[in-house]
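Trainee: This is the structure I have questions about; it appears just below.
2 protein chains.
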Amino acid sequence: MKDISNMDINDLSKDLAPIISNTMADVVEVRLREYLKKKSFRPGDALPKELELAEALGVSRNVLREALSRLRMLGMIETKKKRGMVLARPDILGTFERVLDPLIIDNSTLQDIFELRLVLEMGLAELLYIRKTEKDIQELENIAKKEVNLDNSFRIKNEIAFHGKLYQMSGNDTLKRFQIMLLPIFDYVVTLEKKPTRGLVNHLGLVEILKNGTVEDFKKGMQAHLQPHFDRLK
Amino acid sequence: MKDISNMDINDLSKDLAPIISNTMADVVEVRLREYLKKKSFRPGDALPKELELAEALGVSRNVLREALSRLRMLGMIETKKKRGMVLARPDILGTFERVLDPLIIDNSTLQDIFELRLVLEMGLAELLYIRKTEKDIQELENIAKKEVNLDNSFRIKNEIAFHGKLYQMSGNDTLKRFQIMLLPIFDYVVTLEKKPTRGLVNHLGLVEILKNGTVEDFKKGMQAHLQPHFDRLK
DNA sequence: ATAATTGCACATGTACTACATATTAATAAA
DNA sequence: TTTATTAATATGTAGTACATGTGCAATTAT
């Protein structure tokens, strides 16, 4: 009975959703999530002890601990030896970081992330003009000035420093951390290309706009600066 | 000896990094990561069996499985009953989704994510103008037209549909999924506010620009549309 | 000899027991 | 009342045992 045609299988799969062999740990993880939500635990609240949870769920302590281990990795719970477990605030980006490796991400997603960075930098303008300070602009200018006579390897570092400073000036820590994580991906994609490209507006130009120009000027400037990257999209 | 002043502790902590009580599972997780990287495993490659790994690391199978459970949750490894474990491609956003709950994210991060959404929508323009099609614009217009005579609850759904369509038109799946995840957060922040706000440019206006205007026109339009949100920032 | 079937070997999944460790709480001593 | 010691207890780790299901090989039938 091995020669069932693909058509038959597809027809069947419309009516019969495939049974995904969830392991107990998977199920327990979901159940614990639901439990935490339903009881609307707040960070700091104590949880029942392992044996109670295991018994309530009808699984071995082993399985329960595998599920707890996952939540612990995400920072959702913390455990002290005798006090038991407490709900904690997960670091939303910390978990993200764990899977952000250019080597294991497929090319399509790499491209998406590359574009995501472009979108972020283009959208930064409003925040920048709301929160920029004289001091920040001065520091940004110092970075931009440094790069005039640098060889190639150092220029890349400076490029990162400049754009990183922009994110920091946005006053949004999550955004800043996000950018740092995306950097390796961005680098990876850029280095896949043959020749280094250069936009019509350089870093000093952007600083000049930040000093005396309007938000719209800055958007145009950033667009021109990133133009080579946009040109590659389709 | 309990009355050491905070100053003393802070001074010390500059020189002596606190010892974070890593559990074995934490260590094993890191070691496995390093191992996978060092051996430069590719997706699909088979891993040694649990007993071998446990023995090599000098830990019980129990501890090893807690670490493996984490990697499995992230989608980094998959296991088939007899075949053993194989390296897999993690879903970079799947892990993110697990910790994105407005109730457990602190207010500062909530605000950051709210701003992140604004940044994304402002930065979308370039991608939109590179990839928009007649068909997409038509669909977008249909969504915008529907909302003219809708009561409040349905208008919110339509609002989501409209902006969601914009992300979809960007042709960037990761971005689109990202937006869907951020939606609950965004909603949460918006509903914290008193009165619903409305921008100078409405959805139909944005569609009109997409049809006949330039990228710069669209950026200005989107800026006007989101202006009430930007006004709240400081 | 080839194809199909059956059965065995083996890796993972789950359960249970046992003990180490650390921390809180209670008790005893000063 | 304060300090020191001890006991209780929840998590951390190890080890054993067995269930389950899959791939491979041996066996049988054509």
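These protein sequence lines map, in sequence, to chains A and B.
Just so you know, we're using this note's numbering here: the first sequence kicks off at 1 and counts up by one.
Just so you know, we're using this note's numbering here: the second sequence kicks off at 235 and counts up by one.
Just so you know, even glycine gets a beta-carbon here, dropped at the ideal spot from N, CA and C.
If distances are taken between C-alpha atoms only, which option among B:E300, B:I377 and B:A359 comes closest to R389 (chain B)?
Mentor: Against the second sequence, residue 389 (chain B) aligns to sequence position 155. Minimum Cα distance to R389 (chain B) is reached at B:I377.
Trainee: List, in chain order, every chain A residue whose beta-carbon is nearer than 7 Å to that of I347 (chain B).
Mentor: As a position in the second sequence, residue 347 (chain B) is number 113, starting the count at 1. Near I347 (chain B) (Cβ distances below 7 Å), the residues of chain A are T174.
Trainee: Checking 7 Å against the spacing of the C-beta atoms, do V189 (chain A) and F114 (chain A) come in under that value?
Mentor: One-based indexing of the first sequence puts residue 189 (chain A) at position 189. One-based indexing of the first sequence puts residue 114 (chain A) at position 114. A contact, by the Cβ cut-off of 7 Å.
Trainee: Would you grab the beta carbon distance between I104 (chain A) and P282 (chain B) for me? Rounded to a whole angstrom, and I think it's under 8 Å.
Mentor: The count along the first sequence starts at 1 and reaches residue 104 (chain A) at position 104. The count along the second sequence starts at 1 and reaches residue 282 (chain B) at position 48. No, I104 (chain A) and P282 (chain B) are not in contact; Cβ-Cβ is about 19 Å, not under 8 Å.
Trainee: May I ask you to list, following chain order, the residues of the stretch 83 to 112 of chain A that have a beta carbon less than 9 Å from some beta carbon of chain B?
Mentor: L87, A88, R89, P90, D91, I92, L93, G94, T95, F96, R98, V99, L100, D101, L103, I104, I105, D106, S108, T109, Q111 and D112
Trainee: When the Cβ atoms of the stretch 118 to 138 of chain A are set against those of the stretch 170 to 181 of chain A, are three or more pairs found closer than 8 Å?
Mentor: When C-beta atoms of the stretch 118 to 138 of chain A are compared with those of the stretch 170 to 181 of chain A, three or more pairs fall below 8 Å, so the two segments count as touching.
Trainee: On the CB-based measure, 16 or more other CB atoms within 10 Å of its CB, does L16 (chain A) come out buried or exposed?
Mentor: Here residue 16 (chain A) corresponds to residue number 16 of the first sequence, with the count starting at 1. Note on L16 (chain A): pLDDT 47, under 50, position unreliable in the model; the coordinate value appears next. Label assigned to L16 (chain A): exposed.
Trainee: Within 10 Å of its beta-carbon, does Q372 (chain B) have 16 or more other beta-carbons around it, so buried, or fewer, so exposed?
Mentor: Locating residue 372 (chain B) in the second sequence gives position 138, where the first residue counts as 1. Exposed, because fewer than 16 other Cβ atoms sit within 10 Å of the Cβ of Q372 (chain B).
Trainee: If distances are taken between C-alpha atoms only, which option among B:R351, B:T408, B:E368 and B:T367 comes closest to I394 (chain B)?
Mentor: Walking along the second sequence from the start, residue 394 (chain B) turns up at place 160. Closest by alpha carbon: B:R351.
Trainee: Which residue from A:V99, A:A224, A:N149 and A:E34 puts its Cα closest to that of D335 (chain B)?
Mentor: Along the second sequence, one-based indexing puts residue 335 (chain B) at 101. Nearest of A:V99, A:A224, A:N149 and A:E34 to D335 (chain B), Cα basis: A:E34.
Trainee: If we define contact as Cβ-Cβ less than 7 Å, is M181 (chain A) a contact residue for chain B?
Mentor: If you number the first sequence from 1, residue 181 (chain A) lands on position 181. No, no contact with chain B.
Trainee: In the DSSP assignment, the alpha helix (DSSP H) including K454 (chain B) goes from what residue to what residue?
Mentor: Indexing the second sequence from 1 puts residue 454 (chain B) at position 220. Per DSSP, the unbroken alpha helix (DSSP H) holding K454 (chain B) starts and ends at V449 to R466.
Trainee: Nearest CA to the CA of R306 (chain B): which residue from A:K211, A:G164, A:M24 and A:K157?
Mentor: For the purposes of this step, residue 306 (chain B) is identified with residue 72 of the second sequence, where counting begins at 1. Comparing Cα positions, the closest option is A:M24.
Trainee: Have a look at the DSSP bridge pairing and note the partners of E312 (chain B).
Mentor: Your numbering for residue 312 (chain B) matches position 78 in the second sequence. Residue pairing of E312 (chain B) in beta bridges, as defined by DSSP: B:V320.
Trainee: How would you write the range of the alpha helix (DSSP H) that A161 (chain A) sits in, first residue to last?
Mentor: Translated into the one-based positions of the first sequence, residue 161 (chain A) becomes position 161. Taken as a continuous stretch (DSSP letters only), the alpha helix (DSSP H) holding A161 (chain A) covers N152 to M169.
Trainee: Mind reading off the beta-carbon distance from A54 (chain A) to R61 (chain A)? Whole number of angstroms is fine, and I expect it under 8 Å.
Mentor: Reading the first sequence from its first residue, position 54 is the one you call residue 54 (chain A). Reading the first sequence from its first residue, position 61 is the one you call residue 61 (chain A). About 5 Å; that satisfies the 8 Å criterion.
Trainee: Could you name the residues of the stretch 361 to 372 of chain B whose beta carbon sits closer than 9 Å to any beta carbon of chain A, in the order they occur along the chain?
Mentor: Result list: L361, I364 and R365.
Trainee: Determine the direct distance from the alpha carbon of H459 (chain B) to that of R432 (chain B), and round the result to whole angstroms.
Mentor: Locating residue 432 (chain B) in the second sequence gives position 198, counting from the first residue. Locating residue 459 (chain B) in the second sequence gives position 225, counting from the first residue. Taking the straight line joining both Cα atoms gives about 7 Å.
Trainee: Is F230 (chain A) close to chain B, meaning its C-beta is less than 7 Å from at least one C-beta of that chain?
Mentor: Along the first sequence, one-based indexing puts residue 230 (chain A) at 230. Proximity of F230 (chain A) to chain B, defined by a Cβ-Cβ separation below 7 Å, is satisfied.
Trainee: So what does DSSP say about L12 (chain A), is it helix, strand or coil?
Mentor: Here residue 12 (chain A) refers to the residue found at position 12 when the first sequence is read from its first residue. Unreliable placement is indicated for L12 (chain A), whose pLDDT of 43 sits below 50; the coordinate value is still reported in the next sentence. Helix at L12 (chain A).
Trainee: Checking 7 Å against the spacing of the C-beta atoms, do I326 (chain B) and V99 (chain A) come in under that value?
Mentor: Stepping through the second sequence from its first residue, residue 326 (chain B) is reached at position 92. Stepping through the first sequence from its first residue, residue 99 (chain A) is reached at position 99. Yes. Within cutoff.
Trainee: CA-CA distance, F396 (chain B) and S342 (chain B)?
Mentor: In the second sequence, counting from the first residue as 1, residue 396 (chain B) sits at position 162. In the second sequence, counting from the first residue as 1, residue 342 (chain B) sits at position 108. Cα to Cα, the separation comes out at about 27 Å.
Trainee: Is DSSP giving D3 (chain A) helix, strand or coil here?
Mentor: If you number the first sequence from 1, residue 3 (chain A) lands on position 3. The predicted model places D3 (chain A) with a pLDDT of 37, which falls under 50 and marks its position as unreliable, so this point remains unresolved.
Trainee: Do L374 (chain B) and K391 (chain B) have their beta-carbon atoms positioned less than 7 Å apart in this structure?
Mentor: In the second sequence, the residue the question calls residue 391 (chain B) occupies position 157. In the second sequence, the residue the question calls residue 374 (chain B) occupies position 140. Against a cut-off of 7 Å, the Cβ pair of L374 (chain B) and K391 (chain B) comes out as no contact.
Trainee: Specify, as a first and last residue, the run of the alpha helix (DSSP H) that A56 (chain A) falls within.
Mentor: Numbered from its first residue, the first sequence carries residue 56 (chain A) at position 56. A56 (chain A) -> alpha helix (DSSP H) spans E50 to L57.
Trainee: How about M307 (chain B): is its C-beta nearer than 7 Å to some C-beta of chain A?
Mentor: The residue given as residue 307 (chain B) occupies position 73 in the second sequence. So yes, M307 (chain B) belongs to the interface.
Trainee: Closest Cβ-Cβ distance between V353 (chain B) and chain A: below 7 Å?
Mentor: Residue 353 (chain B) sits at position 119 when you count from the first residue of the second sequence. With a threshold of 7 Å between beta carbons, V353 (chain B) makes contact with chain A.
Trainee: Indicate whether at least one CB of chain A lies closer than 7 Å to the CB of P294 (chain B).
Mentor: Residue mapping note: residue 294 (chain B) aligns to position 60 of the second sequence, counting from 1. Residue identity check: residue 294 (chain B) is Ser in the sequence provided, not Pro. No, S294 (chain B) does not count as interfacial toward chain A.
Trainee: G447 (chain B) versus chain A: which residues are under 7 Å apart at the beta carbon?
Mentor: Position 213 of the second sequence, counted from the start, is the residue given in the question as residue 447 (chain B). Under the 7 Å cutoff, chain A gives no residues; its nearest Cβ is about 14 Å from G447 (chain B).
Trainee: Which same chain residues end up closer than 6 Å to K80 (chain A) when comparing Cβ atoms and leaving out the 5 residues on each side of it in sequence?
Mentor: Working through the first sequence from its first residue, we reach residue 80 (chain A) at position 80. Taken in chain order, the list of residues that qualify is empty.
Trainee: Could you name the residues of chain A that M492 (chain B) contacts, counting a contact when the two beta carbons are closer than 9 Å?
Mentor: Examination of residue 492 (chain B) is not possible in this model, given that chain B is present from 235 through 468 alone.
Trainee: Taking the straight line between their C-alpha atoms, what separation do you get for Q179 (chain A) and I185 (chain A)?
Mentor: Translated into the one-based positions of the first sequence, residue 179 (chain A) becomes position 179. Translated into the one-based positions of the first sequence, residue 185 (chain A) becomes position 185. Their Cα atoms are separated by approximately 10 Å.
Trainee: Thinking just about the alpha-carbon of each residue, which of A:M76, A:V119 and A:T191 is nearest to the one in D340 (chain B)?
Mentor: Translated into positions along the second sequence, residue 340 (chain B) becomes position 106. Checking every option, the nearest Cα to that of D340 (chain B) belongs to A:M76.
Trainee: Would you mind telling me which residues of chain B sit closer than 9 Å to R34 (chain A), beta carbon to beta carbon, in chain order?
Mentor: Translated into positions along the first sequence, residue 34 (chain A) becomes position 34. Strictly speaking, residue 34 (chain A) in this sequence is Glu, with Arg absent from that position. Simply none; closest approach about 12 Å.
Trainee: Which residues, in chain order, does the stretch 262 to 292 of chain B contribute to contact with chain A at a C-beta distance below 9 Å?
Mentor: E263, R267, L270, K271, S274, F275, R276 and P277
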